[in-house]
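Asks:
Chains as they are written, first to last, in my numbering: chain A, 9 to 366; chain B, 9 to 366.
Encoded structure:
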């Protein structure tokens with residue numbers, strides 16, 4: 009699978025996008041946006057591709073809580089009502105919700121129409137937009153529904169990041185940290201030093217991170233082996249995210265949950281695989297510095313473990329599968345640390361706040 | 009794509025089913041049934057595969073009107089609630105609704121779990137169960153949502169047909185007639201003579217019909233060319249079916265709508281491709297003999313054409329695509345007869361009742 013060949017960026021990217029879209033009539037192109045990208049990103053897109061002003065725009069509400077089958081049904085219905093055909097194209101302009109759900113809607117409309125992705129968040133650029141996964145949440149369970157389907161192109165324009173609130177930017181940064189942790193200590197050290205919001209060099213770090221994801225996915229498109237390394241931090245992170253979605257008035261963003269998951273799973277890695285304590289300390293400090301600390305109640309642990317037991321990556325009942333670290337830059341898949349150690353890791357995370365490592 | 013190799017039948021079929029299912033734990037197998045197959049077919053399955061008595065059964069309501077995203081959500085939720093994992097198996101026991109929708113639910117649950125089909129209707133055995141298409145209706149529009157996904161096996165047991173009401177059997181028979189029309193005049197002549205409900209030779213005719221479908225699908229799995237021949241009768245048939253679903257208290261079955269569609273499209277074939285009048289007469293008589301005549305009101309024609317314009321096989325706005333017949337046994341794809349001729353064909357169908365050809 010040639011994923012790298014489908015990813016375009018920079019000034020050249022706008023030209024490639026225009027020539028891709030020329031393969032469709034303007035009425036055959038549908039643009040999917042949410043309230044935010046409609047305001048902040050759609051005008052930029054239309055400036056670069058004025059022909060799209062005649063295309064139909066499908067607007068949905070912004071937020072992870074709308075990544076549902078109900079919203080997908082609205083997208084299908086609007087495609088149908090506005091005459092989308094089997095040779096139409098859905099252009100998804102937005103964050104992970106838009107690219108995951110738009111990809112799913114396109115891949116299942118009339119047994120699959122073309123789609124392309126323009127991720128507008130850092131998370132979308134380095135992670136969600138890359139790799140051919142489409143997904144919906146099911147009753148709050150993350151990404152329980154979905155399929156593998158490749159877009160016709162993924163277009164990375166870091167200029168969209170200027171429109172992003174700082175909290176959203178940090179959320180995507182967590183995936184960049186994860187990419188570095190699983191494969192590249194040098195890149196990790198660069199990230200520690202950078203200030204993503206202000207550095208001029210940020211764009212090259214973003215492309216490096218996207219490139220790590222591309223490399224992993226190309227070597228294992230359907231997640232039978234190496235792609236599982238991308239799961240680092242996500243077994244606990246996804247469960248925390250589901251928990252927070254059900255319990256908090258202002259739920260954790262994906263990257264915020266992942267950041268906490270990375271600390272927990274680094275702790276488990278130390279116990280199970282001998283990750284050096286200095287590495288654990290570096291990871292904990294780095295994450296504590298960049299992300300707000302989630303106040304996890306002890307009573308929440310049972311619920312969070314229950315969510316883990318429903319994780320779609322579980323292949324044997326009751327056995328929670330982890331991808332862990334041997335050292336920064338070196339990951340190991342298919343680890344089953346067991347419930348006791350999972351609880352201890354959450355306890356470790358809770359106590360960081362009280363200066364365990366400071 | 010080796011579809012033929014995935015289809016099992018006869019006594020050997022039960023053995024093959026058992027050995028397929030042995031690859032999964034009993035808790036890992038989920039059986040999808042509707043109210044009817046729960047009563048009439050599930051006991052037969054459990055008798056042949058007693059191990060499945062411990063598997064979870066998902067029951068849905070019977071009928072085309074439940075082939076929706078709402079029902080699919082219930083299936084996903086029940087899979088999730090009862091602990092289905094990525095290596096689970098959904099065994100779909102029922103007619104076209106169960107096999108189409110069950111296939112879709114499985115192919116999209118956790119980005120795709122295994123599924124296998126046991127069609128229990130004639131329509132399912134010769135058509136819906138074969139070819140890797142999964143589908144849902146969207147707001148009454150037939151099969152607007154779906155994707156291509158191959159089951160692990162398709163098991164044809166004609167013994168299930170004994171449980172079928174005569175009207176359902178006739179509905180499947182319409183697809184058999186279509187298979188004969190598009191590819192095999194000898195088989196068509198056999199069908200004219202047979203009494204499917206009582207003949208001992210019926211089983212071999214059914215397998216012949218399934219085999220025609222397999223041959224066509226294997227040569228063109230994603231419907232870019234020859235597979236379109238299977239569309240004969242369906243452009244008008246699907247639109248009639250959608251119309252009837254919205255307007256009639258007891259809507260047409262798929263095969264009943266198809267039967268009317270075959271007559272209309274044979275008429276169009278005569279005008280466009282010179283189908284001999286004797287062939288049109290044979291088709292009209294045969295269908296009038298086997299299927300109730302649908303009392304189409306002249307006022308319905310506009311609605312029916314509007315449904316055709318939303319058909320998922322349209323690839324150019326406003327151009328309604330047909331697969332037609334040059335003669336019985338010989339089909340031609342990508343025909344655009346235009347609205348006037350479509351109206352005339354419906355007029356022709358309406359008048360058959362009054363003895364045009366008797």
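All C-beta atoms, glycine included, are put in the ideal place defined by N, C-alpha and C.
Indicate whether at least one CB of chain A lies closer than 7 Å to the CB of residue 153(B).
Replies: So yes, residue 153(B) belongs to the interface.
Asks: What distance in whole Å lies between the Cβ atoms of residue 252(A) and residue 240(A), which are believed to be in contact at a cut-off of 8 Å?
Replies: The pair is not a contact, with the Cβ atoms about 19 Å apart (cut-off 8 Å).
Asks: Helix or strand or just coil, what does DSSP make of residue 196(A)?
Replies: Correct three-state label for residue 196(A): helix.
Asks: For residue 190(A), which of 246(A), 149(A), 333(A), 283(A) has the nearest alpha-carbon?
Replies: Looking at the Cα atoms, 333(A) is the closest of the given residues.
Asks: Count the other C-beta atoms from every protein chain shown that fall within 10 angstroms of the C-beta of residue 194(A), then say buried if there are 16 or more, exposed otherwise.
Replies: The residue in question, residue 194(A), is exposed, as its Cβ has fewer than 16 Cβ neighbours within 10 Å.
Asks: Quick one, are the C-beta atoms of residue 30(A) and residue 70(A) less than 7 Å apart?
Replies: Going by C-beta atoms, residue 30(A) is not nearer than 7 Å to residue 70(A).
Asks: Taking the alpha-carbon positions, what's the residue 34(A) to residue 54(A) distance?
Replies: Distance between the alpha carbons of residue 34(A) and residue 54(A) is about 12 Å.
Asks: Could one say the Cβ of residue 170(B) lies closer than 7 Å to chain A's Cβ atoms, at least one of them?
Replies: Answer no: the Cβ-Cβ gap between residue 170(B) and chain A never drops below 7 Å.
Asks: Would you mind stating whether residue 84(A) and residue 123(A) have Cβ atoms separated by less than 7 Å?
Replies: No, the Cβ-Cβ distance between residue 84(A) and residue 123(A) is not below 7 Å.
Asks: Taking beta-carbon pairs under 7 Å, can you tell me which members of the stretch 117–128 of chain A lie near chain B?
Replies: Hits within the stretch, in order: 117, 118, 119, 120.
Asks: Tell me the residue span of the beta strand (DSSP E) that contains residue 67(B).
Replies: Where residue 67(B) is concerned, the enclosing beta strand (DSSP E) stretches over 64–68.
Asks: With 7 Å set as the bound, which would you pick, yes or no: does the beta-carbon of residue 84(B) sit closer than that to a beta-carbon of chain A?
Replies: Chain A, which has a Cβ nearer than 7 Å to the Cβ of residue 84(B), makes this yes.
Asks: Please confirm whether residue 316(A) and residue 247(A) have their CB atoms less than 7 Å apart.
Replies: Yes; because the gap between Cβ atoms is below 7 Å, this pair is in contact.
Asks: Count Cβ pairs between the stretch 305–313 of chain A and the stretch 347–356 of chain A that sit closer than 8 Å; are there 3 or more?
Replies: Yes, they touch.
Asks: For residue 143(B), name the three-state secondary structure that DSSP assigns.
Replies: It is a strand residue.
Asks: Answer with buried or exposed for residue 425(A), where buried requires no fewer than 16 other C-beta atoms within 10 angstroms of its C-beta.
Replies: As shown, chain A starts at 9 and ends at 366. That puts residue 425(A) outside it, with no answer to give.
Asks: Using the beta-carbon count (16 or more within 10 Å), is residue 314(A) buried or exposed?
Replies: Looking at its Cβ environment, which holds fewer than 16 other Cβ atoms inside 10 Å, residue 314(A) is exposed.
Asks: So is residue 138(A) in contact with chain B if we call contact Cβ pairs under 7 Å?
Replies: Not closer than 7 Å to any Cβ of chain B, the Cβ of residue 138(A) fails to qualify, so no.
Asks: Can you list the beta strand (DSSP E) stretches of 3 or more residues lying completely in the stretch 153–233 of chain A, in chain order?
Replies: Complete beta strand (DSSP E) runs here, min 3: 162–164.
Asks: Buried or exposed: residue 203(A), going by 16 or more other Cβ atoms within 10 Å of its Cβ?
Replies: Burial call: exposed.
Asks: Checking the sheet assignment: what are the DSSP bridge partners for residue 343(B)?
Replies: According to DSSP, residue 343(B) bridges with 330(B).
Asks: Would a C-beta distance cut-off of 7 Å place residue 222(A) and residue 184(A) closer than the cut-off?
Replies: No.
Asks: Say whether chain A places a C-beta atom closer than 7 Å to the C-beta of residue 156(B).
Replies: Chain A contact via Cβ: present.
Asks: Closer than 7 Å, CB to CB, is residue 192(B) near chain A or not?
Replies: Judged by the 7 Å Cβ criterion, residue 192(B) is not in contact with chain A.
Asks: Flag this pair as touching only if the stretch 231–238 of chain A and the stretch 17–27 of chain A have three or more C-beta atom pairs under 8 Å; answer yes or no.
Replies: The stretch 231–238 of chain A vs the stretch 17–27 of chain A: no contact.
Asks: Could you tell me whether the Cβ of residue 95(A) comes closer than 7 Å to any Cβ of chain B?
Replies: Chain B contact via Cβ: present.
Asks: From the DSSP output, read off the bridge partner residues of residue 127(A).
Replies: DSSP output for residue 127(A) lists 102(A) as bridge partner(s).
Asks: What is the DSSP secondary structure of residue 16(B), counted as helix, strand or coil?
Replies: Note: residue 16(B) maps to strand in three-state DSSP.
Asks: Just to confirm the assignment, what range does the beta strand (DSSP E) spanning residue 40(B) have?
Replies: Run containing residue 40(B): 37–42, per the beta strand (DSSP E) assignment.
Asks: Could you give the distance in angstroms between the alpha-carbon of residue 350(A) and the alpha-carbon of residue 104(A)?
Replies: Approximately 28 Å between the Cα atoms of the pair.
Asks: Go through its chain and collect everything with a Cβ distance to residue 77(B)'s Cβ below 8 Å, but skip five positions before and after it.
Replies: Cβ within range, chain order: 144, 146, 153.
Asks: Would you mind sorting residue 151(B) into buried or exposed? The rule is 16 or more other CB atoms within 10 Å of its CB.
Replies: Classification for residue 151(B): buried.
Asks: Leaving out five residues before and five after residue 304(A) in sequence, what residues of the same chain have Cβ atoms less than 7 Å from its Cβ?
Replies: Excluding residues within five positions, the ones whose Cβ falls inside 7 Å are 354, 357, 358.
Asks: With a CB to CB cut of under 6 Å and the five nearest residues on each side skipped, what residues in its chain are close to residue 245(B)?
Replies: Excluding residues within five positions, the ones whose Cβ falls inside 6 Å are 265, 266, 269.
Asks: At a CB-CB cut-off below 7 Å, which residues of chain B make contact with residue 115(A)?
Replies: Within chain B, the residues near residue 115(A) are 155.
Asks: Who are the neighbours of residue 91(B) on chain A, taking C-beta pairs under 7 Å?
Replies: The contacting residues are 325.
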